[in-house]
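In the numbering used here, the protein residues as written are 5 to 452. Idealized CB from N, CA, C, for every residue including glycine.
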Ligand code: SF4
Ligand code: SF4
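Pasting the structure below:
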């Protein structure tokens, strides 16, 4: 349909009420609570969820993860990916219809605002067919202004996960953060005002590959041709066949006709089910659009347990076990040992060879009492170790010198691998390093 501004094929979606619309509204509400409230919650003095890119730290439920914990991020991403695969193989595009931000924001904000300002489908269509008028222009302007406000609020909410909600919403954030908010606001506004369902059809990668994740057993939203066809005609209403009212089509945000079978554009929003239920209820017949599977339509019982669900389920189980084991074995501190710049080794006046390092320890605990860290060395026989115990408060980091000295002997290697053990009540870390003795001293060429 040619719309108000150019050749864009606009979809004029009609409002609908029903069981699935209600379920989706509650889902949207829950997701909005998470989006807007979570960045304000603190656990042990730390944000419940914050991606601090500048400090390269991730806060999850009060725990602090640093660059050294990148593997956890990888496991979380893999877990989310396989959860999506698993759910899609069982229930199709549930994510698209119920939880994708594109759907949630359009359904929770944009369509209600549009209906409130411009009226429902028939009124909007009528006004646009009448041509450009003052009523049309001020409504468009008011609608776009409201979209801009929504885009700004959503961009601020999303940026709160990276810049901290308190700083951002009190306008004490940095220039970079507000620049990104401005960019996201314009991107969302473009999406809300013009792009909309084209995002799902042309840009979203999930829409492209979800066909490979489903099979004939997958429960998807479908028209039931066995009961619906032949559609239309005088007896259709009495027989419970499709009366060709078109209501399932006009409520569809993707602008498709579910009766034409599975289509890539379908986001599984279930609006067409609510539409057909509302029609067929009045005729005292069951709906002709419903959640079902190809095998169910063929009269067989769909199986939940099958090769692909077993594989995805096994991957999820494996990731859970690996993740749990890693969390269990994780020590909440980091230690690095770096040689003092410009100093390989020094032979002291008393004949001992000395290597100097800098030991950096970071306490990654989110809160609680200060922790004492102690150092010991392995790999150097009779080494003289000069280092100091460190007491660090939560999230404190400190660097101290670490000096090792050993007596010269003919059997010393030129380069000796050593292990620096950092122990604390939270656990122990081992850092590998080397001790240099100098080419003129060392005689052996293999490790002891
Ligand atoms: S066909 Fe039905 S489920 Fe698919 S997008 Fe349209 S209304 Fe939603
Ligand atoms: S809403 Fe139901 S009866 Fe009406 S056209 Fe769609 S499938 Fe047919």
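Contact under 7 Å by Cβ, residue i with residue j
i           : j           : result
residue 101 : residue 272 : yes
residue 292 : residue 232 : yes
residue 330 : residue 365 : no
residue 186 : residue 39  : no
residue 2   : residue 55  : In this structure the chain extends from 5 to 452, so residue 2 is not present and cannot be described.
residue 45  : residue 259 : no
residue 257 : residue 302 : no
residue 52  : residue 60  : no
residue 2   : residue 90  : Nothing can be reported for residue 2, as the shown portion of the chain is limited to 5 through 452.
residue 255 : residue 18  : yes
residue 416 : residue 441 : yes
residue 411 : residue 356 : yes
residue 220 : residue 299 : yes
residue 424 : residue 325 : no
residue 327 : residue 79  : yes
residue 196 : residue 141 : no
residue 263 : residue 93  : no
residue 251 : residue 283 : yes
residue 513 : residue 430 : There is no way to answer for residue 513, as the model of the chain reaches only from 5 to 452.
Whole-number beta carbon distance between residue j and residue i, since they are thought to touch under 8 Å
i           : j           : result
residue 322 : residue 49  : That belief does not hold up - the Cβ atoms of residue 322 and residue 49 are roughly 34 Å apart, past 8 Å.
residue 36  : residue 84  : Contact doesn't hold; Cβ gap of about 20 Å is too wide.
residue 3   : residue 420 : Absent from the structure is residue 3, since the part of the chain shown begins at 5 and ends at 452.
residue 121 : residue 150 : 7 Å
Buried/exposed call for residue i, threshold 16 Cβ in 10 Å
i           : result
residue 448 : With a pLDDT of 38 at residue 448, under the threshold of 50, the modelled position of this residue cannot be trusted; read the value that follows with caution. Answer is exposed; the Cβ neighbour count stays below 16.
residue 30  : exposed
residue 106 : buried
residue 405 : exposed
residue 247 : buried
residue 414 : exposed
residue 168 : buried
residue 27  : exposed
residue 127 : exposed
residue 109 : buried
residue 136 : exposed
residue 174 : exposed
residue 318 : exposed
Nonlocal neighbours in the same chain, by C-beta distance under 7 Å from residue i, ignoring five residues either side
i           : result
residue 118 : 147
residue 159 : 185, 188, 189, 192
residue 253 : 261
Alpha-carbon to alpha-carbon, residue j and residue i
i           : j           : result
residue 367 : residue 75  : 19 Å
residue 434 : residue 426 : 6 Å
residue 288 : residue 243 : 10 Å
residue 390 : residue 334 : 28 Å
residue 278 : residue 21  : 7 Å
residue 171 : residue 157 : 15 Å
residue 369 : residue 375 : 9 Å
residue 436 : residue 379 : 13 Å
residue 207 : residue 274 : 22 Å
residue 203 : residue 422 : 56 Å
residue 400 : residue 381 : 23 Å
residue 181 : residue 152 : 18 Å
residue 116 : residue 144 : 14 Å
Same chain, Cβ closer than 8 Å to residue i, five either side skipped, listed in chain order
i           : result
residue 96  : 214, 218, 222, 223, 224, 225, 272
residue 344 : 360, 361, 362, 405
residue 103 : 31, 35
Beta-carbon proximity list for residue i, same chain, < 6 Å, skipping 5 on both sides
i           : result
residue 69  : 62, 76
residue 42  : 52, 53
residue 230 : none
residue 164 : 43, 172
residue 446 : Low local confidence applies: a pLDDT of 44 at residue 446 is under 50, so the model's placement there is unreliable, with the coordinate-based value given in what follows. For residue 446, where only same-chain residues beyond five positions count, the Cβ hits under 6 Å are 416, 417, 418.
residue 24  : 274, 277, 278
7 Å Cβ cutoff, residue i in contact with chain D
i           : result
residue 133 : The chain labelled as chain D is not found in the depicted structure, where only one protein chain is given.
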